[in-house]
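Enquirer: Residue numbers 1316 to 1974, in our numbering, belong to the letters of the sequence shown in order. Beta carbons: idealized from backbone N, C-alpha and C, even for Gly. Here it is, the structure, as structure tokens.
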Amino acid sequence: MGQIKKPVKWEWKLNRLNATEAEIVFTAHIDRGWHIYSTEVEGIGPIPTGVEVEKSKDFELEGDLVPVTKPHVVFDSAFGLELGLHSGKAVFRQKIKIHTLSSFAIKGAITAQACNNISCIAPEETDFVIQADAFSPVPATDSSTALGEAQQEQDSSTISVKTENTQPATTIAGSRDNAWMDFWTAFGWGLLALLMPCVFPLIPMTVSFFLKGSENKTRARLIAFVFSASIVVIFFVLGILFSLFFGAGFANALSTHWTLNLFLFVIFLLFAASFFGMFEITLPASWINFFDKQADRGGIAGAFFMAFTTVLVSFSCTVPIIGTVLFSSMHGEFGSAMVKMLGFSLAIALPFGFFAFFPSLLHSLPRSGSWMNTLRVILGFLELALGLKFLSIVDLTYHWHFLNRDVFIAIWIVIFTLMGLYFLGKIRFVHDEPRDHVSVPRLLAAIVTFSFVVYLIPGLFGSPLPALSGYLPPLTTQTFTSFISPQGQVSQPSATSSPVLCDPPKYAGILHIPFDLPGYFDYDQALACARQQRKPLFIDFTGHGCANCRKMEENVWSHPEVMSRLRNNFIIVSLYVDDKTPLPENEWYTSPLDGKVKNTIGKKWTDFVISRYHVNAQPYYVILGPDEKMLVEPMGLDLNPQHFVAFLDTALARYKRKY
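Written out as structure tokens, the structure reads:
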């Protein structure tokens, strides 16, 4: 049914600096695929790593817990925040000021929230006790220093919690899926680049050169194969270099910095201007001439240099597309650029090799013409739209609020409206020929483009537009409020009024359910209402710091079929496992699981989900009958709305049959 995940193991020790100063060093060993958040989180977001120490007359904390290991800084679109992440091994330091020369004990707890790309775990407190020896003012010799360090290491309290490696297989599978998605997306960009005016005509010219240059067709095909493979190698090496210089460390550190993102925004504007015909991006002619002379040598080496020449000659058309592919890797994992360039280069190289093996098919290729320039202009509009994403990241990170979600969508509406008018011939650029009629393909393209514009329009007023959630700013930046509830969530209009709850929900003033859905935040209160109204109880184990919970809400809960079922057929209870609100003292209790006192809302529901369902990851959805028995297997992260609809319908059908 579930498994308790403990992806973080802690060690700690005390380093005595002098008679009055010391530092506690905490070391986190984090399982592969998981991360914890650093010590500072600005705004409402995930739970930062922190330490609480029991007060003592023997010492006091000096300053805050600080990371010794530099965090990777990334932008999290789910929260709209710049976040520092630690993975692998992370070291933190807490300085203390000592008021005694005698021995003393330091008691406290280190807290961290662990997440992966599937789920987040409720913030877990790990208790520690450190025994500090009495300070000896006698200076130590070299040998005694070494002995003292060894003794200190021996005396330092250290813990290594024994847990199984609970990294879910879906994490690895998700990474593989992302790699394949990167590959095929880049492959599609490569096919587009292949149709550019300075690439497409090279196919018959190059293949004809191979076949005419050798009476032996087998050798000609071998040379063509080397030529195609060389193109792949050249682009792949470019991906390797990009990953090395702009990979995980660099990208994570700079991906939200305003200078880099503004630079990328300007680059995309230049790419768009180039596609529109404002200017051509070219390399020095001397470079092309040098490699062209090397290609004249013939043979295998000549094929390689001819491939290099082809890459350089096509530079003016392909560099904007290559830039789009590579710069999209700035926010991905290390090696993403290599995967993308492999896909891109294969799409470029395959036609050369294919037509070298089947030259008779060259006659079936369409002729070069105005359609190539049309494709350039289309890509120009796309570059313009995609470039706004980088400007949006700057706006979100620095809270400038000039490119809010509705403004972003308004600009997209204008861009794609102009694109539709271009298809209809109402707008012409430098290299476009006059047209006295609209062809059927252009008309169909205009219909598709204007349909997309119509799809965007409700987003101006707060519609979630889940298909574009990865590109648009978060809903929290929306300024038009026609569909926005007082809590800042998107509210779907309903023909019927929301069902009335049995009584006012506890904690309604501080906690909220997405989309203004009616529900509770206390299990007992919700269960009593579910029994009274004879409805299944829908439990939403969530958290303020759960990014994947926000993804589920924005992409699945927002679906009309899901929302109508939740609103009308279930009693909802959202249990926040990371909320710090203190419980009334008469509700405190000691957990039989760990022997700790549960005195906050988050601690109570974390203990509840672990003790009852043996899981500690969110999102996690459970549906119960009045006897508190599960009606269907619980569900976690699944961004397919139809799967969630089936989950709800199955539970409701079983409820009606059984009760």
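1) Would you check if the distance between the CB atom of residue 1435 and the CB atom of residue 1863 is smaller than 8 Å?
2) Counting along the chain, where does the alpha helix (DSSP H) carrying residue 1876 start and finish?
3) Rounded to whole angstroms, what's the CA-CA distance from residue 1915 to residue 1897? Just pull it up for me.
4) Does the region 1408 to 1417 come within contact of the region 1884 to 1901, defined as at least 3 CB pairs closer than 8 Å?
5) Give me, in chain order, the residues of the same chain whose beta-carbon lies closer than 6 Å to that of residue 1886; leave out the 5 immediate sequence neighbours on both sides.
6) Quick test of your reading: residue 1738 and residue 1750, contact by CB under 8 Å. State the CB separation rounded to the nearest angstrom.
7) Judging by CA-CA distance, which residue of 1967, 1952, 1619 and 1829 is the nearest neighbour of residue 1939?
8) Looking at residue 1505: is its Cβ nearer than 8 Å to the Cβ of residue 1760?
9) Between residue 1352 and residue 1428, how many whole angstroms is the CB-CB distance? I'm expecting something under 8 Å.
10) Determine the DSSP secondary structure at residue 1930, reduced to helix, strand or coil.
11) Quick check on this structure: which residue in 1653, 1919, 1692 and 1946 has the alpha carbon closest to the alpha carbon of residue 1499?
12) So, with DSSP's three-state summary, where would you put residue 1897?
13) If you run the structure through DSSP and keep just helix, strand and coil, what is residue 1915?
14) Out of curiosity, what's the CA-to-CA distance linking residue 1762 and residue 1740?
15) According to DSSP, which residues form a beta bridge with residue 1399?
16) Considering only their Cβ atoms, is the gap separating residue 1880 from residue 1960 smaller than 8 Å?
17) Taking the CB atoms as reference points, tell me whether residue 1890 and residue 1942 lie closer together than 8 Å.
18) Is residue 1907 buried or exposed, if buried means 16 or more other CB atoms sit within 10 Å of its CB?
19) Would you check if there are 3 or more beta carbon pairs closer than 8 Å linking the region 1326 to 1340 to the region 1942 to 1952?
20) According to DSSP, is residue 1968 helix, strand or coil?
21) Where does residue 1571 fall in DSSP's three states?
22) Using DSSP with H/G/I as helix, E/B as strand and the rest coil, what is residue 1696?
23) State the start and end residues of the unbroken alpha helix (DSSP H) segment that holds residue 1381.
24) Three or more C-beta pairs under 8 Å: does that hold for the region 1341 to 1357 against the region 1386 to 1404?
25) Determine the DSSP secondary structure at residue 1667, reduced to helix, strand or coil.
26) Checking 8 Å against the spacing of the C-beta atoms, do residue 1411 and residue 1366 come in under that value?
27) Just to confirm before moving on: does the CB-CB distance between residue 1691 and residue 1765 stay below 8 Å?
28) Report buried or exposed for residue 1477, applying the criterion of at least 16 other Cβ atoms within 10 angstroms of its Cβ.
29) In the structure shown, what three-state DSSP assignment does residue 1350 receive?
30) Going by beta-carbon coordinates alone, are residue 1930 and residue 1319 separated by less than 8 Å?
31) Let me confirm a value: residue 1772 is counted as buried when at least 16 other C-beta atoms fall within 10 Å, else exposed. Which label applies?
32) Taking a contact to mean a Cβ-Cβ separation below 8 Å, would you say residue 1753 touches residue 1660 in this structure?
Expert: In terms of the structure at hand:
1) The residue labelled residue 1435 in the question sits at position 120 within the sequence shown. The residue labelled residue 1863 in the question sits at position 548 within the sequence shown. Yes, Cβ-Cβ distance for residue 1435 and residue 1863 is below 8 Å.
2) Counted from its first residue, the sequence shown places residue 1876 at position 561. Here the alpha helix (DSSP H) through residue 1876 covers 1875 to 1884.
3) Start at 1 with the first residue of the sequence shown, and residue 1915 comes out as number 600. Start at 1 with the first residue of the sequence shown, and residue 1897 comes out as number 582. If I take the Cα positions, the gap works out to 4 Å.
4) no
5) In the sequence shown, counting from the first residue as 1, residue 1886 sits at position 571. So the qualifying residues of the chain are 1841, 1844, 1845, 1850 and 1852.
6) Within the sequence shown, residue 1738 is the residue found at index 423, counting from 1. Within the sequence shown, residue 1750 is the residue found at index 435, counting from 1. Between residue 1750 and residue 1738 the Cβ distance is about 11 Å, and since that is not below 8 Å, they are no contact.
7) Working through the sequence shown from its first residue, we reach residue 1939 at position 624. Considering only alpha carbons, the answer is 1967.
8) Taking the first residue of the sequence shown as 1, we reach residue 1505 at position 190. Taking the first residue of the sequence shown as 1, we reach residue 1760 at position 445. Going by C-beta atoms, residue 1505 is not nearer than 8 Å to residue 1760.
9) By 1-based counting over the sequence shown, the position of residue 1352 is 37. By 1-based counting over the sequence shown, the position of residue 1428 is 113. Right, their Cβ atoms sit about 6 Å apart.
10) Position 615 of the sequence shown, counted from the start, is the residue given in the question as residue 1930. Residue state, collapsed to three classes: coil.
11) Position 184 of the sequence shown, counted from the first residue, corresponds to residue 1499. Closest by alpha carbon: 1653.
12) One-based indexing of the sequence shown puts residue 1897 at position 582. It is a strand residue.
13) The residue given as residue 1915 occupies position 600 in the sequence shown. If DSSP states are grouped into helix, strand and coil, residue 1915 belongs with the strands.
14) Start at 1 with the first residue of the sequence shown, and residue 1762 comes out as number 447. Start at 1 with the first residue of the sequence shown, and residue 1740 comes out as number 425. The alpha-carbon atoms of residue 1762 and residue 1740 are separated by roughly 13 Å.
15) Within the sequence shown, numbered from 1, the residue matching residue 1399 stands at position 84. DSSP, once it has assigned bridges, lists 1388 as partnering residue 1399.
16) Here the question's residue 1960 lines up with position 645 in the sequence shown. Here the question's residue 1880 lines up with position 565 in the sequence shown. For residue 1960 and residue 1880, yes; Cβs fall inside 8 Å.
17) Locating residue 1890 in the sequence shown gives position 575, where the first residue counts as 1. Locating residue 1942 in the sequence shown gives position 627, where the first residue counts as 1. Their beta carbons are not under 8 Å apart, which means residue 1890 does not touch residue 1942 by this criterion.
18) Within the sequence shown, residue 1907 is the residue found at index 592, counting from 1. Label assigned to residue 1907: exposed.
19) no
20) Numbered from 1 along the sequence shown, position 653 holds the residue referred to as residue 1968. It is helical.
21) What you label residue 1571 is simply residue 256 of the sequence shown in a count that begins at 1. Low confidence applies here, because residue 1571 scores a pLDDT of 47, under 50, leaving its location unreliable; read the following figure in that light. Of the three classes helix, strand and coil, the one that applies to residue 1571 here is coil, per DSSP.
22) Taking the sequence shown and counting its residues from 1, one reaches residue 1696 at position 381. The answer is helix: DSSP assigns residue 1696 an H, G or I state.
23) Position 66 of the sequence shown holds residue 1381. No alpha helix (DSSP H) holds residue 1381; the beta strand (DSSP E) holding it covers 1374 to 1382.
24) yes
25) On the sequence shown, position 352 is the one that residue 1667 refers to. It is helical.
26) Along the sequence shown, one-based indexing puts residue 1411 at 96. Along the sequence shown, one-based indexing puts residue 1366 at 51. No, these two residues do not count as a Cβ contact at 8 Å.
27) Stepping through the sequence shown from its first residue, residue 1691 is reached at position 376. Stepping through the sequence shown from its first residue, residue 1765 is reached at position 450. Cβ atoms of residue 1691 and residue 1765: not closer than 8 Å.
28) Within the sequence shown, the letter at position 162 stands for residue 1477. Any reading at residue 1477 must be qualified, since the residue scores a pLDDT of 37, below 50, and its modelled position is unreliable; no value is offered.
29) The residue labelled residue 1350 in the question sits at position 35 within the sequence shown. If DSSP states are grouped into helix, strand and coil, residue 1350 belongs with the strands.
30) Position 615 of the sequence shown, counted from the first residue, corresponds to residue 1930. Position 4 of the sequence shown, counted from the first residue, corresponds to residue 1319. Yes.
31) Here residue 1772 refers to the residue found at position 457 of the sequence shown. So residue 1772 ends up on the exposed side.
32) Position 438 of the sequence shown, counting from 1, holds the residue named residue 1753. Position 345 of the sequence shown, counting from 1, holds the residue named residue 1660. Going by C-beta atoms, residue 1753 is not nearer than 8 Å to residue 1660.
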